[in-house]
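Here is the structure we will look at, set down as structure tokens.
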Amino acid sequence: MSSVVEHFPVLVVVVSLLSAITIFVAGWINRKTACYISIATLLGQFIASLFILHHVMTIGSIHYRLGGWVPPWGIEYVMDALNGYVLVVLLFLGLVCAIYSKRNIEHELPQKVVSFYTIYQLLITGLCGIIVTGDIFNMYVFIEITCLSAYALIASRGKIALKASFTYLVLGSIGACFFLLGIGFLYSVTGSLNIHDLSLLLPPLYGNRVVLAAFVFFIVGLSIKMAFFPLHTWLPDAHAFAPSEISAMLSGIIIEVSTYAFIRVAFSVFTVNFIKLLPVFEIISWVAAIAIVVGSILAITQSNLKRMLAYSSVANMGYIMLAVGLSTSATRYPWSGLTPASMHILNHALMKGCLFLVAGAFIYKGNLWEIKDFQGLGRKMPYTCAAFVIAAISMIGVPPSVGFASKLYIILASLEAKQFVFVGVLLLSSLLNLVYFWRVIETMYMKVEEGTEHIHTSRAPRDEIPLSMLIPVWILSSLCIVMGILWLTKIPIPILNRVNVLFGLVGGP
Amino acid sequence: MMIGFYGIIAKDNLIKKIIGLNIFQTAIFLYFISLGAVKSGTAPIVDEAIIRKGYVYANPLPHVLILTAIVVSVATTAVALSLVIRMHQEYGTIEESEIIEKLSDERMPRT
Chain A
2 MSSVVEHFPV LVVVVSLLSA ITIFVAGWIN RKTACYISIA TLLGQFIASL
52 FILHHVMTIG SIHYRLGGWV PPWGIEYVMD ALNGYVLVVL LFLGLVCAIY
102 SKRNIEHELP QKVVSFYTIY QLLITGLCGI IVTGDIFNMY VFIEITCLSA
152 YALIASRGKI ALKASFTYLV LGSIGACFFL LGIGFLYSVT GSLNIHDLSL
202 LLPPLYGNRV VLAAFVFFIV GLSIKMAFFP LHTWLPDAHA FAPSEISAML
252 SGIIIEVSTY AFIRVAFSVF TVNFIKLLPV FEIISWVAAI AIVVGSILAI
302 TQSNLKRMLA YSSVANMGYI MLAVGLSTSA TRYPWSGLTP ASMHILNHAL
352 MKGCLFLVAG AFIYKGNLWE IKDFQGLGRK MPYTCAAFVI AAISMIGVPP
402 SVGFASKLYI ILASLEAKQF VFVGVLLLSS LLNLVYFWRV IETMYMKVEE
452 GTEHIHTSRA PRDEIPLSML IPVWILSSLC IVMGILWLTK IPIPILNRVN
502 VLFGLVGGP
Chain B
29 MMIGFYGIIA KDNLIKKIIG LNIFQTAIFL YFISLGAVKS GTAPIVDEAI
79 IRKGYVYANP LPHVLILTAI VVSVATTAVA LSLVIRMHQE YGTIEESEII
129 EKLSDERMPR T
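If you're matching them up, the sequences are chains A and B in order. Quick note on numbering: my numbering labels position 40 of the first sequence as 41, and the sequence is numbered without any gaps. Quick note on numbering: my numbering labels position 108 of the second sequence as 136, and the sequence is numbered without any gaps.
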């Protein structure tokens with residue numbers, strides 16, 4: 002079995018790519034097949050990713066040489082603890098969103114079902130590629146595949162989404178160009194593109210200005226891609242006007258995978274020793290703290306639910322980057338190194354995925370975008386609204402939810418780093434989260450009487466979304482609690498601690 | 029590269045923005061190609077006769093990378109142009125400021 006698993010990294014990418022073509026061809030013959038092919042592929046990929054993670058945990062990293070060329074000349078796919086973990090998170094959310102979109106896409110974009118699933122599968126291909134690759138130029142190409150499919154998916158709704166998509170395209174291309182320029186600088190001093198090879202060639206050159214410039218270009222380029230404050234301006238419109246499952250994917254995983262790319266570049270290419278030479282992680286932590294506060298305040302000012310959630314994503318990217326920024330100074334188990342950051346990648350995917358899918362459910366049922374229109378929804382769609390409440394209290398950070406777990410770990414890490422300001426920022430942001438989520442919950446459950454002329458009153462009969470949309474929502478919201486309890490019992494922490502050992506952030510296990 | 033950057037930021041016309049983006053990308057491609065240049069190097073084609081004469085080759089790897097990057101940039105441009113076409117159908121203009129004006133007139137359009 003283990004020899005088969007060693008081929009899974011490349012299969013995950015290739016199968017997804019082939020499935021995109023299959024969907025396109027099969028969709029010509031019968032439109033209904035598109036959705037099932039996509040779900041089947043994603044299910045297969047998800048199972049493969051579980052095998053990969055198991056293999057990485059029990060036996061060790063997988064190195065797959067494409068075409069048998071020996072690195073550093075050939076392209077290499079490397080699976081280790083970090084990307085094995087992120088791959089599982091990605092494919093899980095991808096699968097859940099694909100199941101959800103079956104009914105939703107038929108409703109939102111009835112003419113474009115086949116092209117939607119084709120591009121969706123290309124998006125998954127690109128994301129998987131970013132994660133599995135061990136070659137930095139290959140990573141650039143996959144980042145562009147991901148973003149191009151994302152632009153197309155956002156624009157698929159037409160009207161205002163076109164403008165949002167265009168802004169994202171221009172900014173995203175500039176970000177990718179900066180990334181490419183960083184690769185060029187590194188190539189000019191080392192002559193290599195393989196990530197592992199670069200990490201061996203770079204240490205003698207750490208003082209070199211070209212290497213510093215390359216690092217800055219990587220940071221800026223990827224910050225645009227992951228919507229890190231203050232380069233987040235493309236995000237709110239793009240997230241708000243995309244189809245709902247794409248909003249969930251954008252917010253839950255696409256910007257997270259860009260963060261993964263950042264962690265990979267910072268820790269695998271440049272290594273911890275380089276980072277400790279510069280005050281760059283302190284700067285990142287401070288900017289992240291500002292991002293958390295500003296993102297939360299801007300979220301309060303929004304009247305559109307999806308825009309509010311989008312600004313909340315800006316704040317959550319702040320959490321992840323704050324945790325990354327603290328990773329070099331926090332060393333004590335279990336909140337050592339990158340553990341809080343990688344933990345919040347999963348947690349944010351669950352919470353924000355669930356919230357955007359619920360927002361999509363409101364649009365599906367009543368074309369409701371504005372928070373003030375949600376009166377009486379608590380009675381009309383009780384299960385959907387209950388899922389929203391669970392995900393919302395996770396965002397606020399009520400124990401034992403996932404949001405509580407990641408906030409607790411980030412606070413413990415900042416206490417160890419003696420950065421008490423960050424503790425204050427995290428507590429303040431919990432309060433701000435409470436303000437903007439409570440407003441929604443209050444409208445849904447309590448403001449029934451005021452809207453008597455409104456069509457959505459308590460007299461309206463119960464009108465739930467279809468089961469194929471409700472189940473994904475409930476899977477995500479129940480995992481918000483289950484994973485939260487698991488994090489607090491520290492059962493999955495050893496997986497994440499392997500990441501720290503890998504990057505030399507803590508000693509051996 | 030800076031000319032392209034200026035184009036992206038300063039121009040109001042969306043097509044001009046795309047041209048700016050292309051100039052920006054091409055500048056980076058040229059930088060890569062210049063990395064591959066070797067003084068008095070010839071085209072990197074392995075031939076016994078050329079090696080015997082003592083010629084050196086230009087580094088072919090940046091060329092290969094840039095071929096890939098050019099494909100990416102063509103795809104980006106294609107998507108951008110198709111977005112502009114759709115926007116023109118929707119709003120009847122390709123000036124960014126006019127589109128923003130029309131959007132603020134409509135208030136929250138429900139797509």
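Beta carbons: idealized from backbone N, C-alpha and C, even for Gly.
Buried or exposed for residue i, going by 16 or more other Cβ atoms inside 10 Å?
i, result
"residue 447 of chain A", "exposed"
"residue 365 of chain A", "buried"
"residue 454 of chain A", "Confidence at residue 454 of chain A is low in this model, with a pLDDT of 47, below 50, so the placement of that residue should be treated as unreliable; the coordinate-derived value is given next. Classification of residue 454 of chain A: exposed, given that the 10 Å Cβ count is below 16."
"residue 354 of chain A", "buried"
"residue 210 of chain A", "exposed"
"residue 204 of chain A", "exposed"
"residue 150 of chain A", "buried"
"residue 81 of chain A", "buried"
"residue 106 of chain B", "exposed"
"residue 333 of chain A", "exposed"
"residue 30 of chain B", "exposed"
"residue 336 of chain A", "buried"
With respect to the alpha helix (DSSP H) encompassing residue i, which residues constitute its N-terminal and C-terminal limits?
i, result
"residue 8 of chain A", "It is not in any alpha helix (DSSP H) - residue 8 of chain A carries neither H nor E in the DSSP assignment."
"residue 116 of chain B", "88-119"
"residue 107 of chain A", "82-109"
"residue 234 of chain A", "Premise fails: residue 234 of chain A is in no alpha helix (DSSP H) and is neither H nor E."
"residue 263 of chain A", "256-264"
"residue 353 of chain A", "340-367"
"residue 381 of chain A", "378-381"
"residue 135 of chain A", "Where residue 135 of chain A is concerned, there is no enclosing alpha helix (DSSP H), given that its DSSP letter is neither H nor E."
"residue 54 of chain B", "42-64"
"residue 211 of chain A", "210-226"
"residue 370 of chain A", "Counting along the chain, residue 370 of chain A falls outside any alpha helix (DSSP H), and DSSP gives it neither H nor E."
"residue 74 of chain A", "Looking at the DSSP string, residue 74 of chain A is not in any alpha helix (DSSP H), and its letter there is neither H nor E."
"residue 198 of chain A", "196-202"
"residue 162 of chain A", "161-191"
"residue 469 of chain A", "468-489"
"residue 329 of chain A", "Counting along the chain, residue 329 of chain A falls outside any alpha helix (DSSP H), and DSSP gives it neither H nor E."
"residue 439 of chain A", "421-446"
Closest Cβ-Cβ distance between residue i and chain B: below 8 Å?
i, result
"residue 166 of chain A", "yes"
"residue 98 of chain A", "no"
"residue 145 of chain A", "yes"
"residue 170 of chain A", "yes"
"residue 138 of chain A", "yes"
Does the CB of residue i have a neighbour CB from chain A at under 8 Å?
i, result
"residue 109 of chain B", "no"
"residue 80 of chain B", "no"
"residue 66 of chain B", "no"
"residue 38 of chain B", "no"
"residue 86 of chain B", "no"
"residue 96 of chain B", "yes"
"residue 100 of chain B", "yes"
"residue 103 of chain B", "yes"
"residue 127 of chain B", "yes"
"residue 139 of chain B", "Low confidence applies here, because residue 139 of chain B scores a pLDDT of 43, under 50, leaving its location unreliable; read the following figure in that light. Yes, residue 139 of chain B counts as interfacial toward chain A."
"residue 56 of chain B", "yes"
Terminal residues of the continuous beta strand (DSSP E) containing residue i?
i, result
"residue 66 of chain A", "63-66"
Using 8 Å as the threshold, is the C-beta distance between residue i and residue j below it?
i, j, result
"residue 111 of chain B", "residue 163 of chain A", "yes"
"residue 225 of chain A", "residue 176 of chain A", "yes"
"residue 227 of chain A", "residue 263 of chain A", "yes"
"residue 24 of chain A", "residue 118 of chain A", "yes"
"residue 494 of chain A", "residue 260 of chain A", "no"
"residue 104 of chain B", "residue 116 of chain A", "no"
"residue 242 of chain A", "residue 161 of chain A", "yes"
"residue 99 of chain A", "residue 39 of chain A", "yes"
"residue 482 of chain A", "residue 400 of chain A", "no"
"residue 75 of chain A", "residue 67 of chain A", "yes"
"residue 434 of chain A", "residue 297 of chain A", "yes"
Sorted by chain position, which residues of the same chain lie with C-beta nearer than 6 Å to residue i's C-beta, five sequence neighbours on each side aside?
i, result
"residue 65 of chain A", "10, 11 and 78"
"residue 253 of chain A", "94, 350, 353 and 354"
"residue 170 of chain A", "152"
"residue 128 of chain A", "91, 147 and 258"
"residue 34 of chain A", "27"
Looking at the ligand SAH, does it come within less than 7 Å of residue i, judged from the CB to the closest heavy atom?
i, result
"residue 29 of chain B", "Ligands in the displayed structure: none, and consequently the ligand SAH is not present."
Sorted by chain position, which residues of the same chain lie with C-beta nearer than 7 Å to residue i's C-beta, five sequence neighbours on each side aside?
i, result
"residue 45 of chain A", "16"
"residue 456 of chain A", "Residue confidence for residue 456 of chain A is low, a pLDDT of 49 falling below 50, so the modelled location carries little weight and cannot support an answer."
"residue 89 of chain A", "50, 51 and 54"
Would you verify that the beta carbon of residue i is, or is not, closer than 8 Å to some beta carbon of chain E?
i, result
"residue 30 of chain B", "Absent from the structure is chain E; the protein chains it does hold are A and B."
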